[in-house]
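Asker: The sequence shown begins at 1 in the numbering used here and counts up by one.
In this text, a Cβ means the ideal position worked out from N, Cα and C, and glycines have one as well.
Remember, predicted model here, so these are calculated numbers, not experimental data.
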Amino acid sequence: MGKIDLDSTTSKHKGVKGFFEIILRKFKTLMHSLLMIPIYIFAASSIGFSLIPGITLFRWVESFLTNESLLLQNFYYGMSLAIGYFLYGVSMLFIIPVYNFVVRGYLKEWRGPYYSVESIKWFLHNGLTYLVRFTFLEFVTPSPLNILFYQLMGMKIGRGVVINSSWISDPSLIEIGEKSTIGGSVTLVAHYGQGGMLIISPVKIGKGCTIGLKATIMGGVTIGDGAKILPHSVLLPKTNVPAGETWGGVPAAPIKITKSIKTTA
1 MGKIDLDSTT SKHKGVKGFF EIILRKFKTL MHSLLMIPIY IFAASSIGFS
51 LIPGITLFRW VESFLTNESL LLQNFYYGMS LAIGYFLYGV SMLFIIPVYN
101 FVVRGYLKEW RGPYYSVESI KWFLHNGLTY LVRFTFLEFV TPSPLNILFY
151 QLMGMKIGRG VVINSSWISD PSLIEIGEKS TIGGSVTLVA HYGQGGMLII
201 SPVKIGKGCT IGLKATIMGG VTIGDGAKIL PHSVLLPKTN VPAGETWGGV
251 PAAPIKITKS IKTTA
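#1: In terms of residue numbering, what span does the alpha helix (DSSP H) encompassing V90 cover?
#2: Tell me whether the beta-carbon of I205 lies closer than 9 Å to the beta-carbon of E245.
#3: May I have a chain-ordered list of the beta strand (DSSP E) segments no shorter than 3 residues that lie completely inside the stretch 97-137?
#4: Which residues does DSSP pair with I174 in a beta bridge?
#5: Use the C-beta contact count for H125: other C-beta atoms within 10 angstroms, 16 or more gives buried, fewer gives exposed.
#6: For L43, which three-state DSSP category applies?
#7: Is it buried or exposed, S116, if we count other Cβ atoms within 10 angstroms and call 16 or more buried?
#8: Answer yes or no: do D170 and I200 have a C-beta to C-beta separation smaller than 9 Å?
#9: Need the endpoints of the alpha helix (DSSP H) that P144 sits in, please.
#10: Taking its Cβ as the centre, do 16 or more other Cβ atoms sit within 10 Å of P113, making it buried, or is it exposed?
#11: I'd like to know if the stretch 94-101 and the stretch 42-49 are in contact, where contact means that at least 3 CB-CB pairs between them fall below 8 Å.
#12: Could you pull out every residue in the same chain whose Cβ sits closer than 7 Å to the Cβ of Y76, ignoring the five residues on either side in sequence?
#13: What residue range does the beta strand (DSSP E) around H191 cover?
#14: Using a 10 Å radius around the Cβ and a threshold of 16 neighbouring Cβ atoms, would you call Y88 buried or exposed?
#15: Can you tell me whether L235 is buried or exposed, with buried defined as 16 or more other CB within 10 angstroms of its CB?
#16: If you draw a straight line from the C-alpha of L270 to the C-alpha of I37, how long is it?
#17: State the Cα-Cα distance for the pair P254 and G248, rounded to the nearest angstrom.
#18: In or out: G177 buried (at least 16 other Cβ within 10 Å) or exposed?
#19: Pull up the distance between the alpha-carbon of Y106 and that of I163, whole angstroms please.
#20: Does the distance from the CB of T181 to the CB of I147 come in under 9 Å?
#21: Anyone know if the C-beta pair for L266 and L152 falls short of 9 Å?
#22: Work out the CA separation of G154 and F139 for me, nearest whole Å.
#23: Three-state secondary structure (DSSP) at W167?
#24: To the nearest whole angstrom, what separates the beta carbons of G195 and L213, a pair I think is in contact under 8 Å?
#25: Beta-carbon separation of G208 and A190 under 9 Å?
#26: In angstroms with no decimal places, state the Cα-to-Cα distance between T56 and A243.
#27: Can you have a look at S80 and say buried or exposed, based on whether 16 or more other CB atoms are within 10 angstroms of its CB?
#28: Report the rounded CA-to-CA distance for V221 versus K238, giving the unit in angstroms.
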């Protein structure tokens with residue numbers, strides 16, 4: 001039996017990948033357009049599968065309304081469409097993670113050009129997440145269903161966590177410790193751009209943390225146990241918030257909170 005030359009195989013793989021990335025960067029507009037076609041078809045199929053329960057309900061209701069008045073028909077059509085939308089949304093919560101698994105969309109820490117093979121995986125992972133975010137996720141936020149969706153997309157979430165935001169990207173590189181609260185409209189992203197490069201870097205939020213309303217947490221941020229981030233604050237990339245501290249501002253910085261002692265005569 002012949003011996004397989006692993007070094008030769010690896011070099012050949014890197015050579016093909018490197019050549020593809022050169023073409024990708026040299027002909028940005030053309031390659032982007034060509035890549036979007038299969039990606040959109042792929043995304044459309046996930047929407048199509050998610051619509052099956054709703055369409056099935058609509059057609060079943062339609063079969064009973066032949067002899068009913070126009071007003072009653074319209075009412076039941078409207079009801080079946082409305083219920084069908086929610087059936088679509090719940091279906092998406094489970095179908096999209098399956099699609100993410102099929103394309104191996106789980107991210108790893110990486111730094112490189114926007115036009116590269118690794119960035120395609122990043123684009124797919126977030127694109128699938130956004131399909132749910134912008135069509136349904138707000139209706140189940142916060143609830144066990146949005147927690148379940150993020151977990152299925154690869155996010156590590158401890159017990160007792162509340163996530164009152166759908167503005168989350170790169171879920172497979174985000175970790176939230178138990179009993180932490182993510183406030184309304186908080187932005188969590190495990191990436192950032194710097195010097196024309198895309199940096200994908202994990203975000204870790206410890207146990208018992210509170211992230212205030214509309215705060216922004218960027219890639220590479222670590223927040224220690226019991227820390228508090230005040231509303232509208234921005235934690236820049238690679239920020240490390242020690243356990244138990246309170247941070248706020250743009251960019252966020254440590255804040256000392258003094259408790260006034262009220263005395264009575």
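Answerer: Let me spell this out:
#1: 70-102
#2: no
#3: 110-113
#4: V203
#5: buried
#6: It is Ala, not Leu, that sits at residue 43 in the sequence shown. Reduced to three states, the DSSP call for A43 is helix.
#7: buried
#8: Contact: yes.
#9: 144-152
#10: exposed
#11: yes
#12: V61, L65
#13: 191-194 is the extent of the beta strand (DSSP E) around H191.
#14: With a threshold of 16 other beta carbon atoms within 10 Å, Y88 meets it and is buried.
#15: buried
#16: With the chain covering only 1 through 265, there is no way to say anything about residue 270.
#17: 7 Å
#18: buried
#19: 20 Å
#20: no
#21: This structure cannot settle anything about residue 266, because the visible part of the chain is limited to 1 through 265.
#22: 21 Å
#23: coil
#24: That belief does not hold up - the Cβ atoms of G195 and L213 are roughly 32 Å apart, past 8 Å.
#25: no
#26: 52 Å
#27: buried
#28: 5 Å
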